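The letter at position 179 of the sequence shown is residue 179 when you use full-length UniProt numbering, and the numbering goes up by one with no holes.
Positions of the beta carbon are idealized from the N, C-alpha and C atoms, including for glycine.
Just so it is clear, the structure is predicted and the values come from calculations on it, not from any experiment.
Read the structure below first, then the notes.
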Amino acid sequence: MTAPSTSAATPRPGRARPMAPDERRAMIVDAAIPLILEHGAEVTTRQIADAAGIAEGTVFRAFADKTELIDAAIARVMDPAAALEALSCIDPADPLPVKLDLIVAILHDRVSRAVAFMGALGPRDHARHRAGDHARHRPMLGEATEVVGALLEPDRDRIRVPIDTAIDFIRVLVFGTSMPFLRDADIDPASLSDFILRGIAAESE
């Protein structure tokens with residue numbers, strides 16, 4: 001009895017599905033980001049290829065050169081999508097202190113990651129990023145204004161400044177406390193949230 005024939009179109013067992021170009025680019029960027037944080041712009045395409053489990057030539061089939069790969073990594077790190085998704089998961093009906101803790105933690109993480117990444121790359125790549133297509137003429141964390149406003153709106157009567165002003169305070173304080181060169185010690189998001197909520201005066205004041 002002969003074995004049944006196998007169609008040529010049927011993938012062989014164990015063979016991985018070929019990646020679409022966008023998937024391969026995303027996979028390479030995923031491998032590159034932690035290496036850039038560790039080595040800065042001096043990271044090599046060989047290191048990135050090894051981390052991604054691919055041949056070095058595959059990197060250059062996905063990206064024209066290392067600069068294009070670094071720019072793609074910058075775009076990924078600067079993309080606000082993950083932070084916006086996390087903010088959208090907060091329940092507007094939660095108590096104000098709970099919401100503020102979450103808002104500050106999410107925004108602080110976003111800025112801290114971006115600062116660490118651009119700091120690892122150095123001023124040359126930072127300047128190229130600011131001058132390139134990724135630059136945005138808007139306030140830092142401005143993309144979160146709408147969703148944060150919607151979260152604070154149910155507590156409008158408990159906030160002693162207009163909502164827009166409260167959002168500006170949150171943005172400025174989160175951004176400033178995420179900058180290593182603007183502070184003498186680390187400020188954790190929970191302490192920052194408490195300060196925003198209660199101010200600098202003691203309860204008895």
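Legend entry - residue 200 classed as buried or exposed, judged by whether at least 16 other C-beta atoms fall within 10 angstroms: exposed
Legend entry - Simplified DSSP state of residue 222, which is helix, strand or coil: This structure cannot settle anything about residue 222, because the visible part of the chain is limited to 1 through 205.
Inset, instruction - Examine the Cβ distances between the stretch 162-174 and the stretch 74-83 and report whether three or more of them are shorter than 8 Å. - result: no
Legend entry - Where residue 95 falls: helix, strand or coil (DSSP): coil
Legend entry - Reference residue 191, options 47, 72 and 102, closest by Cα: 102
Legend entry - Reduced DSSP category for residue 156 - H, G, I as helix; E, B as strand; rest coil: helix
Legend entry - Beta-carbon proximity list for residue 46, same chain, < 6 Å, skipping 5 on both sides: 56
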